[in-house]
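Numbering (our numbering), first residue to last: 19 to 61.
Cβ coordinates follow ideal geometry from the N, Cα and C atoms, glycine included.
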């Protein structure tokens with residue numbers, strides 16, 4: 019059985035975040051995205 023992981027992607031480039039999130043989600047991981055430090059701390 020594959021273990022699912024949770025990832026928080028923090029970057030100010032929305033296209034990069036979306037591409038990385040899609041890749042991780044295809045591997046059945048849970049992904050949250052934040053575009054700045056404040057959003058990352060509240061995620």
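Counting along the chain, the unbroken beta strand (DSSP E) around residue 52 starts and ends at 48-52. According to the DSSP assignment, residue 24 belongs to no alpha helix (DSSP H) but to the beta strand (DSSP E) extending over 24-28. A distance of 9 Å or more separates the beta carbons of residue 45 and residue 27. Each residue's CA atom was taken as its position, placing residue 21 and residue 50 some 17 Å apart. Note on geometry: alpha-carbon atoms of residue 52 and residue 36 lie some 11 Å from one another.
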